[in-house]
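**Student:** First residue of the sequence shown: 2, per the numbering used here; consecutive thereafter. Idealized CB from N, CA, C, for every residue including glycine. Note that the coordinates shown come from a computational prediction; the quantities given were computed from them, not determined experimentally. The structure under discussion is supplied below as structure tokens; questions concerning it will follow.
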Amino acid sequence: MERAAEEGWYTDDELALLARVTELATGSTDEGVVVEVGVYRGRSARVLDRHRNGRQLHLFDNLDMTTADTKQWPDGDGVYHHLADPVEEEFVKPIALFHQDADHSFRAVLEHLEWMGPHVVKGGVIVLHDFGDPTYPGVARAWEMYTENKDFKFIDCAGHCAAFQRIK
Ligand SMILES: C[S@@+](CC[C@H](N)C(=O)[O-])C[C@H]1O[C@@H](n2cnc3c(N)ncnc32)[C@H](O)[C@@H]1O
Numbered sequence: 002m003e004r005a006a007e008e009g010w011y012t013d014d015e016l017a018l019l020a021r022v023t024e025l026a027t028g029s030t031d032e033g034v035v036v037e038v039g040v041y042r043g044r045s046a047r048v049l050d051r052h053r054n055g056r057q058l059h060l061f062d063n064l065d066m067t068t069a070d071t072k073q074w075p076d077g078d079g080v081y082h083h084l085a086d087p088v089e090e091e092f093v094k095p096i097a098l099f100h101q102d103a104d105h106s107f108r109a110v111l112e113h114l115e116w117m118g119p120h121v122v123k124g125g126v127i128v129l130h131d132f133g134d135p136t137y138p139g140v141a142r143a144w145e146m147y148t149e150n151k152d153f154k155f156i157d158c159a160g161h162c163a164a165f166q167r168i169k
């Protein structure tokens, strides 16, 4: 647990999935930024940065975890740091890929999906971490509630990371 907190919780298999679906999202869409909510020390953000194909990368973290470290976040051209919850900042842009790895409660995941989901363009991808993890049942429950009557298809999962693509 100590090592995880130092480096982040994403496993290598989960990072490989994140890389693959970021390529898919940016290759399947003509527009849209890449957004991550829950950056911590930048482990998954560095993967998004390497695979964003020139799209802007918006990184959100409200620093609720006091051991988060923004100095380890990617910081190149087209990368924007937001030390806030995107809902509170009222962030609105077309989105090619939305990655949620922040507060895993049902309420917080649903709130992020309801805020960011409508801006995900056709062909865009939503990635949820800790999906299917029995410790965080609210993640899958929020996804089921959010996607009722919406057009997303399951792409793949690795570990406790699941990816879905908007098809209409
Ligand atoms: C599990 S860590 C993220 C791990 C990171 N994705 C990685 O690869 O290591 C969760 C992060 O989400 C942040 N957080 C929690 N609730 C949040 C919220 N409502 N909005 C933005 N960030 C939040 C915490 O401060 C923490 O840094």
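Name, in chain order, the residues that DSSP records as bridge partners for E37.
**Tutor:** Here residue 37 corresponds to residue number 36 of the sequence shown, with the count starting at 1. Looking at the DSSP assignment, E37 forms a beta bridge with L60, H100.
**Student:** Looking at the secondary structure, which residues open and close the alpha helix (DSSP H) in which D131 lies?
**Tutor:** As a first step, residue 131 is located in the sequence shown; it is residue number 130 there, counting from the start. Careful: D131 lies outside any alpha helix (DSSP H) and carries neither H nor E.
**Student:** Closest by CA to H161, which one among P119, G118, Q101?
**Tutor:** Position 160 of the sequence shown, counted from the start, is the residue given in the question as residue 161. Ranking the options by Cα distance to H161, first place goes to Q101.
**Student:** Report all residues from its chain with a CB closer than 6 angstroms to the CB of V48; omit the five preceding and five following residues, and keep chain order.
**Tutor:** On the sequence shown, residue 48 is found 47 positions in, with the first residue counted as 1. Result list for V48: L16, L19, A20, in chain order.
**Student:** Could you compute how far the alpha carbon of H83 sits from the alpha carbon of N63?
**Tutor:** Indexing the sequence shown from 1 puts residue 83 at position 82. Indexing the sequence shown from 1 puts residue 63 at position 62. If you take the alpha carbons of H83 and N63, they lie about 8 angstroms apart.
**Student:** Rounded C-beta distance between V35 and L98? I'm assuming under 8 angstroms.
**Tutor:** Numbered from 1 along the sequence shown, position 34 holds the residue referred to as residue 35. Numbered from 1 along the sequence shown, position 97 holds the residue referred to as residue 98. Sure, about 5 angstroms apart at Cβ, within 8 angstroms.
**Student:** Which residues in the same chain as V121 place their Cβ atom closer than 7 angstroms to its Cβ, once the five residues preceding and following it in sequence are excluded?
**Tutor:** Stepping through the sequence shown from its first residue, residue 121 is reached at position 120. Around V121: I96, F99, I127, R167.
**Student:** May I have the straight-line CA-CA distance separating M66 from L114, to the nearest angstrom?
**Tutor:** Position 65 of the sequence shown, counted from the first residue, corresponds to residue 66. Position 113 of the sequence shown, counted from the first residue, corresponds to residue 114. So the alpha carbons of these two residues sit roughly 21 angstroms apart.
**Student:** In chain order, what residues of the same chain have a beta carbon less than 7 angstroms from the beta carbon of R56, not counting five sequence neighbours either side?
**Tutor:** Taking the first residue of the sequence shown as 1, we reach residue 56 at position 55. Answer for R56: T27, G33, V34, V35, A97, listed in chain order.
**Student:** Would E7 be called buried (16 or more neighbouring beta carbons within 10 Å of its own) or exposed?
**Tutor:** To locate residue 7, count along the sequence shown from 1; it is residue 6. When all chains shown are included, E7 counts as exposed.
**Student:** Which residues mark the beginning and the end of the alpha helix (DSSP H) in which M47 is found?
**Tutor:** Position 46 of the sequence shown, counted from the first residue, corresponds to residue 47. Note that residue 47 is Arg in the sequence shown here, rather than Met. Taken as a continuous stretch (DSSP letters only), the alpha helix (DSSP H) holding R47 covers 44-51.
**Student:** Helix, strand or coil: which one does DSSP assign to Y11?
**Tutor:** Numbered from 1 along the sequence shown, position 10 holds the residue referred to as residue 11. The answer is coil: DSSP assigns Y11 none of H, G, I, E or B.
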